[in-house]
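Be aware that the sequence shown starts at 1, since it is given in full-length UniProt numbering, and climbs by one per residue.
Think of the CB as a built atom: it goes at the ideal place given N, C-alpha and C, for glycine as much as any other residue.
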Amino acid sequence: MAAPVKSRPYRRILTSTLHRRFVHASAFVLLACYVISFFIGVKSSCKCQFGRALPELEHPLTPSPQVFWSWFPLGPCGVRALLLFVSGLCVFILRVGQMHVGVRIATSHFHNLRLAILSFNSIQTVVWYLFSAWWFSEVYKWSSSADAQLNWVNPGKSYERSHLNERPIYLHCFFIMLALVQSSMHLYFDMDEVPVPVAKRSPLTTSRRTHRLAPLSVQFSNIAPNILFESAIIGSTTAVIGPILYMLFFRRTAWSWTLYFAKLFWNFPRSAADPPGLLPPSNIMFHLRSATSGSLLVMLWQISNFLFSAFLGQAPLKKGNPLTHGVADPNGSLLNGLKSKKETVLAFAFWELCLISQEFPDRRKEIFKDIDRSGGSAWSQILKASEDILNGITSRIQEYQNPQPQATGATDGPKESGPKTQEMVQTLPRITQPSKNENILLASPKPNTRSEKFEAAFGPVAKSYGQSQDWTPAAKARARAAITHASNALLSPEQKRTISNSAQELKLLTSPPSASGPPNPIIQQFMKSPVGLPFRQSFANRLRGIALGSPHSKLAPIIDATESLKCLLIASLEEDQFGKVQTDVPSVVKLFTKTIMALESLVGKDGLKPHWSEVDSENLDGVQHSRSVEQVEIVINALKNGLSELLAAFSLYLNEVGVVGQDLQLARDAAKITDV
Numbered sequence: 001m002a003a004p005v006k007s008r009p010y011r012r013i014l015t016s017t018l019h020r021r022f023v024h025a026s027a028f029v030l031l032a033c034y035v036i037s038f039f040i041g042v043k044s045s046c047k048c049q050f051g052r053a054l055p056e057l058e059h060p061l062t063p064s065p066q067v068f069w070s071w072f073p074l075g076p077c078g079v080r081a082l083l084l085f086v087s088g089l090c091v092f093i094l095r096v097g098q099m100h101v102g103v104r105i106a107t108s109h110f111h112n113l114r115l116a117i118l119s120f121n122s123i124q125t126v127v128w129y130l131f132s133a134w135w136f137s138e139v140y141k142w143s144s145s146a147d148a149q150l151n152w153v154n155p156g157k158s159y160e161r162s163h164l165n166e167r168p169i170y171l172h173c174f175f176i177m178l179a180l181v182q183s184s185m186h187l188y189f190d191m192d193e194v195p196v197p198v199a200k201r202s203p204l205t206t207s208r209r210t211h212r213l214a215p216l217s218v219q220f221s222n223i224a225p226n227i228l229f230e231s232a233i234i235g236s237t238t239a240v241i242g243p244i245l246y247m248l249f250f251r252r253t254a255w256s257w258t259l260y261f262a263k264l265f266w267n268f269p270r271s272a273a274d275p276p277g278l279l280p281p282s283n284i285m286f287h288l289r290s291a292t293s294g295s296l297l298v299m300l301w302q303i304s305n306f307l308f309s310a311f312l313g314q315a316p317l318k319k320g321n322p323l324t325h326g327v328a329d330p331n332g333s334l335l336n337g338l339k340s341k342k343e344t345v346l347a348f349a350f351w352e353l354c355l356i357s358q359e360f361p362d363r364r365k366e367i368f369k370d371i372d373r374s375g376g377s378a379w380s381q382i383l384k385a386s387e388d389i390l391n392g393i394t395s396r397i398q399e400y401q402n403p404q405p406q407a408t409g410a411t412d413g414p415k416e417s418g419p420k421t422q423e424m425v426q427t428l429p430r431i432t433q434p435s436k437n438e439n440i441l442l443a444s445p446k447p448n449t450r451s452e453k454f455e456a457a458f459g460p461v462a463k464s465y466g467q468s469q470d471w472t473p474a475a476k477a478r479a480r481a482a483i484t485h486a487s488n489a490l491l492s493p494e495q496k497r498t499i500s501n502s503a504q505e506l507k508l509l510t511s512p513p514s515a516s517g518p519p520n521p522i523i524q525q526f527m528k529s530p531v532g533l534p535f536r537q538s539f540a541n542r543l544r545g546i547a548l549g550s551p552h553s554k555l556a557p558i559i560d561a562t563e564s565l566k567c568l569l570i571a572s573l574e575e576d577q578f579g580k581v582q583t584d585v586p587s588v589v590k591l592f593t594k595t596i597m598a599l600e601s602l603v604g605k606d607g608l609k610p611h612w613s614e615v616d617s618e619n620l621d622g623v624q625h626s627r628s629v630e631q632v633e634i635v636i637n638a639l640k641n642g643l644s645e646l647l648a649a650f651s652l653y654l655n656e657v658g659v660v661g662q663d664l665q666l667a668r669d670a671a672k673i674t675d676v
C-alpha cells in the first residue's frame, strides 16, 4: 500500500503567492519613484543660444544636455529612483509585518486610539516612517542644486569662520513632522488592513462571487485624485505649521545634535552654540520647496500603501485556478488553511473554498470523493471548520445576553494544592453566630457559655414582640418613636450620620449588581459636548463587535463559510457520487436558522440597547435610534438567501434528508418564506 501523500501547508502556498504579488507591487512603486525622481532633480530649461555663438546649429534654440539627463533612466534620475525606492520599501516591510484581513472594530474613537497606540505595532510604525522620511530627506538634499543652500556648513567668505547652516536642520525636522503625521494616520485609520470587499447579494446580481474586485487600473484611476489631494493638503499644511512647531519643540535640540556631530569635522566659534536669531529660516522659496518635497514624500507613502493593499488583496487564484491547484494534496492543503489560527491564512483559505464551491466543479467532485482522509472526510472537515465560524456568532451573542458571573474564591473545579489567595469581598462584619445545623425538632441543649445564657434569656422576649398579634402599625409607630427618642438622647449627630451611612452601604451591598441609577448630569453634558465625542460608544460599533468579532472583523470568513456550505450542498445533488453530503443538510439548516434567530434577536428592539454614553441615540423628535448596521445586515441577508436557496433545492427531498416538523417551520420563518 502506498504511503499517504503529505499535504503542503496552506501558509506556505499563500506566502509564495503573496511574495510574487509583493514583487509586482514593488515594480510599480519603483515606477512612482522614477516619476518623483524627475521632479526633485535639477532641471534646466532651454537656453537661448543664438546662431552667432553656434553657427553649425540650424535652429537658434537648442536644448541643454541637462534636460536629457534629468529624465534618462540610466543617468542620475535612475540612481535617484533606486534610492527613493528604499523609502517606499520601508512601507512595504511595515505592512508585511502588520498585515491583517478585516477592519478593526472599536467601541469608540478613544478605544480605537487606545488600540492603535498601546501596542508594539505603533512603535514599529513610527520607526519605519521616520527612517523612510530621513532617507528621503538625504536623497532630496543630494539631488538639490547649489541655489537651494542645503549644505550642512556654510564656509563663509575668506575672512569669516564656517558656521552651521540651519536650512538642512529645519528640512530634516520638517520631514520628521511628516513622518509623525503619516504614522498617526496609519495607526488611526488602520492602514495595515488588506481590504477584502464583501458584496451584498440581491436578486438582480449577475455575478456569483461574494468578493467582487475591480481591475487594478480602475482602482488606481478612482483613488489617484484622492492621493494627489491628500498629499497636497498634508504637505502644505505641515509647511505652514512646521515653522511654529520647529521653533517651539525641535529647534534647540536639533541644533545641538547637529552641532555635536559637525564639530567632529569643522571648527566653530563659541557663539555657534545657540541657533542664530529668534526665528527659523523664513525664505518663501525655501518653504515652497519644503511643501513640494513633503507632498511628494506623502504621495510616495500613499501610493505604496495603495499598491500593497491592491495587489495582496487579490483573489486566491493563480492563472485562473485556485492556489491549491497542482499541489500533491490540494484538499489536504486547503483543509490545513481552514484550520489555521492565523486570521490572514484563514480568511484566504475560506475565500478559496468559496471560489471552489461556486466556479470549479472538478474541485468540488474531488472534495465529495475524498472520504478516506485521516480525521474524517474532506466534506466533514469543511463542515466542521465552517460551523466553528458561524457558531462563533451565536457564542458571542450568548456571552453578551447571558454574561457569566465573575469568578469567586469558591469554584466548582478541583482544588489545587498549595496556598491560594482568597478574593476580597466587601461584606458587613458578622454580629451573630452562624445558623445551626442541628435538628430543630429536638429540645434545645442546656446553655453553657455566657452568650448562650444571654440568648436563652432574651430570645423568647424578643420573639414575643414579633409574634405578638398586637404588632400592628400603631405598635410599630410606638416602637419607632421610642427608638428615635433613645437615639436623640444617647447619640450625637455625627454618630447618627455614621449609622445612616452604614445603612446606605448595606443597601448597596444587598442590591443586585445590575442596579444602577441614571448617569451623572455633568457626565451627560460632557458627552453631549464636542469634547466627549471621542468617548461615545456607538451602537453600530458595539453591534459589529458582538456579531462579527473583535478586534478585527470576521465578516469575510463568515460570508465565505455561509456561501461555501450552501453551494456545496446544492452541488452535491448532482456531483456527490456516494451521497454522503446530503445527510448533513438538517444540521446545516439548523445552523443557519439558529444563527439568523440569534442575530435578529440582537438587532431587534429587545436586543442590544444603546450605550448611555451615546447621547444622540434619540433625536429631539423622539425618533428611535436606527438599528440597521450594513455589515450585520450583509451577514443576515447571506444567511437568509443561503437558507432559502437550500430549502428550494432540496424541496423534493426534505422528508428523505430529515428536514421536517418544527425544524422546517423554524427555517421557513427565519428565511421569511411561506412556501417551499
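Spatial neighbours of residue i in its chain, beta-carbon cut-off 6 angstroms, leaving aside the 5 residues before and after
| i | result |
| --- | --- |
| residue 593 | 666, 667 and 670 |
| residue 172 | 137 |
| residue 524 | none |
| residue 658 | 586 |
| residue 638 | 559 and 562 |
| residue 140 | 40 and 293 |
| residue 5 | 328 and 329 |
| residue 258 | 169 |
Contacts around residue i, its chain only, beta-carbon distance under 7 angstroms, and the 5 residues preceding and following it disregarded
| i | result |
| --- | --- |
| residue 133 | 175, 176, 178, 179 and 297 |
| residue 644 | 671 and 673 |
| residue 148 | 289 |
| residue 620 | Confidence in residue 620 is poor, its pLDDT being 33 and thus under 50, which makes the residue's placement unreliable; the coordinate value appears in the next sentence. Closer than 7 angstroms at Cβ, skipping near neighbours: no residue. |
| residue 614 | 536, 537, 538 and 539 |
| residue 231 | 295, 298, 299 and 302 |
| residue 336 | 7, 9 and 10 |
| residue 339 | 385 |
Endpoints, alpha helix (DSSP H) assigned at residue i
| i | result |
| --- | --- |
| residue 191 | Where residue 191 is concerned, there is no enclosing alpha helix (DSSP H), given that its DSSP letter is neither H nor E. |
| residue 332 | 330-338 |
| residue 247 | Where residue 247 is concerned, there is no enclosing alpha helix (DSSP H), given that its DSSP letter is neither H nor E. |
| residue 293 | 284-312 |
| residue 92 | 76-98 |
| residue 40 | 10-40 |
| residue 536 | Careful: residue 536 lies outside any alpha helix (DSSP H) and carries neither H nor E. |
| residue 351 | 343-359 |
| residue 261 | 251-262 |
| residue 521 | 521-528 |
| residue 673 | From DSSP, residue 673 is part of no alpha helix (DSSP H); its letter is neither H nor E. |
Distance between beta carbons of residue j and residue i, contact taken as under 8 angstroms
| i | j | result |
| --- | --- | --- |
| residue 364 | residue 575 | 6 angstroms |
| residue 544 | residue 632 | 7 angstroms |
| residue 347 | residue 291 | Not really, about 40 angstroms apart at Cβ, beyond 8 angstroms. |
| residue 387 | residue 591 | 6 angstroms |
Of the listed residues the options, nearest to residue i (C-alpha basis)
| i | options | result |
| --- | --- | --- |
| residue 222 | 189, 303 and 561 | 303 |
| residue 92 | 357, 149 and 22 | 22 |
| residue 108 | 212, 95 and 539 | 539 |
| residue 308 | 281, 8, 220 and 260 | 220 |
| residue 251 | 300, 230, 264 and 275 | 275 |
| residue 393 | 589, 295, 229 and 553 | 553 |
| residue 9 | 341, 369 and 85 | 341 |
| residue 30 | 76, 74, 83 and 182 | 83 |
| residue 153 | 263, 41, 119 and 328 | 263 |
| residue 293 | 36, 527 and 377 | 36 |
| residue 235 | 224, 181 and 191 | 181 |
| residue 199 | 258, 213 and 191 | 213 |
| residue 358 | 403, 662 and 571 | 571 |
| residue 217 | 163, 311, 277 and 259 | 311 |
| residue 379 | 578, 229 and 146 | 578 |
| residue 16 | 655, 144, 530 and 317 | 317 |
| residue 209 | 661, 605, 583 and 567 | 567 |
| residue 143 | 183, 246 and 76 | 76 |
| residue 243 | 233, 529, 283 and 266 | 283 |
Any C-beta of chain C under 9 angstroms from that of residue i
| i | result |
| --- | --- |
| residue 10 | The structure shown contains no chain C, having only a single protein chain. |
Nonlocal neighbours in the same chain, by C-beta distance under 8 angstroms from residue i, ignoring five residues either side
| i | result |
| --- | --- |
| residue 165 | 149, 150, 151, 152, 153 and 154 |
| residue 188 | 112, 113 and 116 |
The ligand SAM heavy atom lying under 8 angstroms from the CB of residue i
| i | result |
| --- | --- |
| residue 239 | With respect to the ligand SAM, the structure offers nothing, as it holds no ligand at all. |
*Note down, one range per segment and in chain order, each beta strand (DSSP E) of at least 3 residues found wholly within the stretch 591-665.*
Runs of the beta strand (DSSP E) lying entirely within the stretch 591-665, each at least 3 residues long, are absent.
_To test your reading of the DSSP string, which unbroken beta strand (DSSP E) runs of 3 or more residues are found completely within the stretch 111-163?_
Listed in chain order, nothing qualifies, since the stretch 111-163 has no complete beta strand (DSSP E) run of 3 or more residues.
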